[in-house]
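Worksheet: one structure, shown below.
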Amino acid sequence: MSSKTVYTEDEVTAAANTAAYRARVATVLTLLAEDYPGGVVGATLTDIMKDYGIIQPPEGEEESDG
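If you want the numbering used here, it's the position in the sequence shown, counting the first as 1, plus 324.
And the structure:
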């Protein structure tokens, strides 16, 4: 027998609003990174993508922690 979690309307609304907020923030950050590729936003997003293996650092570039 499986149990089902039932969420209230307020919980569903809060989750949907949070997801929409995060999507908008991600979109804005992506636009900033595209407009200012040499800026801190672009560098930070590149670092995050490297951390998660989405992109690979150029050959010969070493990882640094600071």
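Glycine included, every Cβ here is placed at the ideal spot set by N, Cα and C.
Rounded distance between the beta-carbons of residue j and residue i, thought under 8 Å
{"i": "residue 349", "j": "residue 356", "result": "Not really, about 11 Å apart at Cβ, beyond 8 Å."}
{"i": "residue 381", "j": "residue 374", "result": "6 Å"}
Near the ligand GTP: residue i beta-carbon under 7 Å from a heavy atom
{"i": "residue 358", "result": "Absence of the ligand GTP is noted for the structure shown, with no ligands found whatsoever."}
Three-state secondary structure assigned by DSSP to residue i
{"i": "residue 333", "result": "helix"}
{"i": "residue 360", "result": "coil"}
Residue range of the unbroken alpha helix (DSSP H) whose run includes residue i
{"i": "residue 384", "result": "Unbroken run through residue 384: none, as it is neither H nor E."}
{"i": "residue 374", "result": "364-375"}
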